[in-house]
Amino acid sequence: QLKYLYYLFMDGNALSGSIPSEIGHMHRLGQLELHNNQLTGSLPSEIGLLTNLYDLELDFNALTGTLPSEMMGMARLEDVHLHHNQFSGAISDEIFNTVSLPSLDRLYLHNNHFTGSIEAGGKICNHRLNNWYLTTDCKGATPEVQCDCCTTCYESRKLSNLSTQKSALEALFDATNGPLWTTKTNWLVDPDVCTWYGVSCDDEGYVDYIYMRNINLDGTVPSEIGQLVYLYDLQISNQPLLAGTIPSEIGMLTSLEELLLHNNNLSGIIPTEVG
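Start counting the sequence shown at 108; every next residue gets the next number (the numbering used here).
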C-alpha cells in the first residue's frame, strides 16, 4: 500500500485488466495517468476516496459502465480525461455537479457512449462561463449528447460504424466498375480498408480521407457515401466516366472540410443538403 504516493504515471503501456478498488487507498494521490493502455471494466467507486486528486487521465482505454457518483466528492479535480473509452450513462447537471467540483477546468467526455443533454442555464453550462473546456459526442445529424455549451463537439464513434464504412466503400467500388479501375491496390482483398488505395484512416481505424484522381471510375457516386461520417476530406476528380447526380447523402458528412468533385461528368442540381 503506497499511501504516500503522489504521482502515478503508467500511461503509454499495454496494461490490461481492470482498475482495482484498492486504488482508493492512495489517499495522497494528486495525479493519476493511465491513458493509452488496454484497461477494461468499470471505474471503481473507490476512486472517490482520492480527494486530493486534481488530474485524472484514463483516456484511450476500453473502460465501460457508468461513472460512479462518488466522483462528485473529488473537489480538487481540475483535469478529467475520459475520452476514447466505452463509458455509458446519462450526462446531467447532477452527474457533473460543478458545485461539488468547483476546480474543474477541463472535462473530456467524447468518443464514449454517453447520452443526455447539457442545457444552457444549467450548472454545467454556467460553470462553462469560467473558461473551462468541455467535449462530448454532440456532433452530427443524430448526436448522442445535446450540448449548448461544449467547447468542441465530436461525432459519436460506435463500433458498428467500422463495418458500415467497409460496406460503404464496397458500394463505391461496385457502383463505379471497380474491377476496371487503373489503380485498385488492396480493394476488397485486404480486410483492413485503411490499406486500400486512396483511402486513409485516423488512429482508430475510421476512414477520414478519400483521394481518387484519374483512375477510371465508371458509373455513379452511390448514396452509401454518406455513411462515411468521419470523412474530413473527399476528393474524386478527373473521372470522365463518372456520371449521374451528386447524392443528397453527401450532406450526412458533417465532419467534411474539403470536397473536390471537379472534372467529372456529374449532372443535375447541387443537393440542398450540401448547404
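For each residue, glycine too, the CB sits at the ideal point set by N, CA and C.
Remember, predicted model here, so these are calculated numbers, not experimental data.
task = Going by DSSP, name the residue or residues bridged to Met319.
result = DSSP output for Met319 lists Ile343 as bridge partner(s).
task = With Ala197 as the anchor, note down where its beta strand (DSSP E) starts and where it stops.
result = Secondary structure note for Ala197: its beta strand (DSSP E) is the uninterrupted segment Gln193 to Ile198.
request  = Decide if Leu287 is buried, meaning its Cβ has at least 16 other Cβ atoms within 10 Å, or exposed.
outcome  = When all chains shown are included, Leu287 counts as exposed.
inquiry  = Taking 7 Å as the threshold (C-beta atoms), are Asn233 and His191 in contact?
reply    = Their beta carbons are not under 7 Å apart, which means His191 does not touch Asn233 by this criterion.
query = Hey, out of Phe167, Phe194, Leu150 and Leu349, whose CA is closest to Asn120's CA?
reply = Checking every option, the nearest Cα to that of Asn120 belongs to Phe167.
ask   = For Leu122, which of Glu226, Gln138 and Gly148 has the nearest alpha-carbon?
value = For Leu122, the nearest C-alpha among the options comes from Gly148.
task = Please name the residue in Leu115, Asp118 and Pro175 whose C-alpha comes closest to that of Ser152.
result = Of the listed residues, the one whose Cα sits closest to Ser152 is Pro175.
ask   = Can you tell me whether DSSP reads Asn233 as helix, strand or coil?
value = When DSSP states are grouped into helix, strand and coil, Asn233 belongs to the helix group.
task = Return yes when the Cβ of Leu141 is within less than 7 Å of the Cβ of Leu384, no when it is not.
result = Past the boundaries of the shown model lies residue 384; the chain is included only from 108 to 382, so the question cannot be answered.
message = Spatial neighbours of Thr171 within its chain, please: C-beta separation below 8 Å, excluding the five flanking residues on both sides.
response = The residues are Thr147, Gly148, Ser149, Asn192, Gln193, Phe194 and Ser195.
Helix, strand or coil at Gly223 according to DSSP, with G and I counted as helix = Under the three-state reduction of DSSP, Gly223 is assigned to strand.
query = Which residues share a DSSP beta bridge with Val187?
reply = In the DSSP output, where bridge partners are listed per residue, Val187 has Leu163 and Leu214.
CB of Cys245 within 7 Å of CB of Cys254, strictly = It is a contact, given that the beta carbons lie within the stated cut-off.
task = Might you give, ordered along the chain, the residues of its own chain that have their beta carbon closer than 7 Å to the beta carbon of Gly305, omitting 5 neighbours on each side?
result = Cβ within range, chain order: Ile317, Tyr318 and Met319.
ask   = Given 8 Å as the limit, is there contact between the region 271-281 and the region 344-351, that is, 3 or more CB pairs closer than that?
value = Contact fails between the region 271-281 and the region 344-351, because fewer than three Cβ pairs, one in each stretch, are under 8 Å apart.
query = Any C-beta of chain C sitting closer than 7 Å to the C-beta of Tyr261?
reply = Annotation note: the requested chain C is absent from the structure, which comprises a single protein chain.
ask   = Does the Cβ of Ala197 have 16 or more other Cβ atoms within 10 Å, making it buried, or fewer, making it exposed?
value = The Cβ neighbour count for Ala197, taken over all protein chains shown within 10 Å, is under 16; the residue is labelled exposed.
ask   = Does the beta-carbon distance from Ser330 to Glu262 come in below 7 Å?
value = Cβ atoms of Ser330 and Glu262: not closer than 7 Å.
ask   = To which residues of the same chain is Thr292 closer than 6 Å at the C-beta, ignoring the five residues directly before and after it?
value = Shown here for Thr292: same chain residues with a beta carbon closer than 6 Å to its own, the five before and five after excluded, namely Tyr304 in chain order.
Cutoff 6 Å; reference Ile322; Cβ partners in own chain excluding five residues on either side = If we look at Ile322 and ignore the five residues flanking it on each side, its Cβ neighbours are Trp288, Thr289 and Thr290.
inquiry  = Just to confirm my understanding: we take Leu136, look at its own chain, exclude 5 residues before and 5 after, and list those with CB closer than 7 Å. What are they?
reply    = Within the same chain, Leu136 has close Cβ partners Leu112, Tyr113, Leu115, Leu157, Asn159 and Leu160.
ask   = Under the rule that 16 or more other beta-carbon atoms within 10 Å means buried, what is Met117, buried or exposed?
value = Its Cβ having fewer than 16 others within 10 Å, Met117 is exposed.
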